[in-house]
Amino acid sequence: MVENLFLNLYFLGILAIGYNSFKKIKDSSHFFIANKEAGVFQVTGSLLATVLGSSAILGNVAATYSIGWAGIWLLFCAAFGLFALLPLLKKFEKFKGYNLPELLGSFYGDEVRILSSFIISIAWIGIVAAQIMGAAQIMEIISNFSYFQSVIISGVVFIIYTILGGQLSIIKTDCFQLIFILLGIVLCFLFLPNIETTYVVPQVINEKFSYIDLLILVLTYSSTFLVGPDIYSRIFCAKDSTVAKKSIIISIIILIPLAFILTKIGIFAAGAYPNLTNGQSPLLHVAANTLPKPISLLLYFGLLSAIISTADTCLLTGSSIFTEIFTKNLKNIRSIKLTRVFIGVFGLFSILVALKLKFILSSLLLALSVYSGALIIPCFAGILGYRFKKFYVLSAIIMGGAIALFGKIYGGNHSNYILILAFCINAIILTIGRKK
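If you want my numbering, it's the 1-based position in the sequence shown plus 4.
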């Protein structure tokens, strides 16, 4: 099959780039923040490539298929989170660390750094697993591999690529992968036939997606762009705050029309193929049954590029943060070696999760709910200059994360209110322990 040949060449090319970067890594700064030399083009490309993973693209179209035009809120909330981040960029200029737990540790002490490192690392397994699920679904279509084989192959490629090149290879390839991503999505949109016969006013709030659902999406999704490990890892690679600001603005400008495009594809899929089962991806079904062969192939590889860009960033973020539990900082060669070990460990756990769960968006939102319930408010308050007693910060993180996890596992009609309760409990505990 021609598709198999392209797939093999694509993966070999990715691994070759990783090996080339491996030879150029000189110290921890190269491996963890690309030596802090990234310009606007690189940071923008890496930001967007990280945002537009399988959850944002496949998940957006799948959500639209189920809840109509309300699916547009996914990328709107991402853009909103990035917009809210802009006023905070100046506050990072004097920060010399590599990641978010280091930032939290500078606010509240070493115990908070260690606890936040543990929570983020474990939660990020779910996000990496979501990317592996997306890659496996695509590989099933363009190759003769089963879902099981596709999960194993894609997961192993992600692990090896990230181990080799670290941040240096990620920041280098994200820009080119973004071109694949945007080209595939836009051409898919342009080649869709128009099946609508009457104009329907888009209902972005409807019986399947309420204002409470929107509030939960803002709390658990937008907040991770305002205070998120992966987003901050992109910012810390930028030369300065001016580069970071321009990159975020450009990213927002691109995300807004992209939200309309992906939602429109989901609306088309709902109209053209109304009887898809939960296990079928509407976007991949449209590509296989509606688009010309060359366009569908380009879309598949664009989606693979999106998934790889998000997966390697999340895998490196989670593994490097976990390394800090044992090394206290990442500014040494030992940290690189230990992080590479944890990349392999966390990658294998992500593969196991991907084999167990097959719903991309649910895996992502479970991970983000735990993270946001535990860490969003303490981190945001710390950036704004508020300080709290260590015991209360630790208690707020544990209680907020535990309640958020219970809410997602409990499910049902009350899960949203439980998630809101997690944020409220977190804030109340911090307020009690505020330093004068």
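Glycine included, C-beta positions come from ideal geometry on N, C-alpha and C. Everything numeric in this text was worked out from a predicted model, so none of it was measured.
Item: Tell me the rounded alpha-carbon separation between Lys94 and Ser147.; Value: 47 Å
Item: Could you say which of Val65, Val47, Tyr23, Val345 lies nearest to Leu168 if we only look at CA atoms?; Value: Tyr23
Item: Give a yes or no on whether the C-beta atoms belonging to Gly270 and Gly405 are separated by under 9 Å.; Value: no
Item: Quick check: Glu115 and Lys332, are their CB atoms within less than 9 Å of each other?; Value: no
Item: Given that a residue counts as buried once 16 or more other Cβ atoms are within 10 Å of its Cβ, and exposed if not, what is Ile123?; Value: buried
Item: Considering Thr267, what are the terminal residues of the alpha helix (DSSP H) in which it resides?; Value: 245-276
Item: In its own chain, which residues sit with a C-beta less than 7 Å from the C-beta of Asp217, not counting the 5 before and 5 after it?; Value: Asn420
Item: For the 8 Å Cβ check, are there 3 or more pairs between the stretch 128-138 and the stretch 306-322?; Value: yes
Item: Can you tell me whether Leu379 is buried or exposed? The criterion is at least 16 other CB atoms within 10 Å of its CB, across all chains shown.; Value: buried
Item: Quick one: grab the DSSP three-state call for Arg438.; Value: strand
Item: Name the two residues that bound the continuous alpha helix (DSSP H) containing His289.; Value: 286-293
Item: Quick check: the stretch 173-180 against the stretch 44-52, are at least 3 beta-carbon pairs closer than 8 Å?; Value: yes
Item: Please report the residue range of the alpha helix (DSSP H) in which Gly411 lies.; Value: 394-414
Item: Got a sec? Which residues, its chain only, sit under 6 Å from Ile71 by beta carbon, not counting five neighbours each side?; Value: Lys212, Phe213
Item: Where does Tyr304 sit, in a helix, a strand or coil, going by DSSP?; Value: helix
Item: Would you call the stretch 318-331 and the stretch 299-306 in contact, with 3 or more CB pairs under 8 Å?; Value: no
Item: Taking DSSP as the reference, what is the three-state secondary structure of Asn279?; Value: coil
Item: Quick check: Val155 and Leu288, are their CB atoms within less than 9 Å of each other?; Value: no
Item: Would you say Phe350 and Phe326 are within 9 Å of each other, going by their C-beta atoms?; Value: yes
Item: Which residues does DSSP list as the beta-bridge partners of Ala42?; Value: Ala242
Item: Would you identify the three-state DSSP class for Leu19, choosing helix, strand or coil?; Value: helix
Item: What residues match up with Phe10 in a beta bridge as DSSP calls it?; Value: Looking at the DSSP assignment, Phe10 forms no beta bridge with any residue, so it has no partner.
Item: What residues match up with Asn210 in a beta bridge as DSSP calls it?; Value: Phe213
Item: Identify the continuous alpha helix (DSSP H) that holds Leu356 and give its terminal residues.; Value: 337-360
Item: For Ala292 versus Phe80, is the C-beta distance shorter than 9 Å?; Value: no
Item: Of all the options Leu19, Ile254, Val247, Asp31, which has the alpha carbon lying nearest to the alpha carbon of Leu334?; Value: Asp31
Item: Within 10 Å of its beta-carbon, does Phe152 have 16 or more other beta-carbons around it, so buried, or fewer, so exposed?; Value: exposed
Item: Looking only at its chain, what residues have a beta carbon closer than 6 Å to the beta carbon of Val65, apart from the 5 residues adjacent to it on each side?; Value: Leu266, Ile269, Gly270, Pro286, Leu287
Item: Rounding to the nearest angstrom, what Cα-Cα distance links Phe15 and Gly188 in this structure?; Value: 18 Å
Item: Return helix, strand or coil for Asn103, following the three-state DSSP convention.; Value: coil
Item: In whole angstroms, what separates the C-alpha of Cys241 from that of Ile260?; Value: 24 Å
Item: Applying the 10 Å Cβ sphere with the 16-neighbour rule, what's the burial state of Phe229?; Value: buried
Item: What is the DSSP secondary structure of Asn148, reduced to helix, strand or coil?; Value: coil
Item: Tell me the residue span of the alpha helix (DSSP H) that contains His34.; Value: 32-37
Item: Label Lys27 either buried or exposed according to how many other C-beta atoms from any shown protein chain fall within 10 Å of its C-beta, with 16 as the threshold for buried.; Value: exposed
Item: To which residues of the same chain is Tyr277 closer than 8 Å at the C-beta, ignoring the five residues directly before and after it?; Value: Pro286, His289, Val290, Asn293
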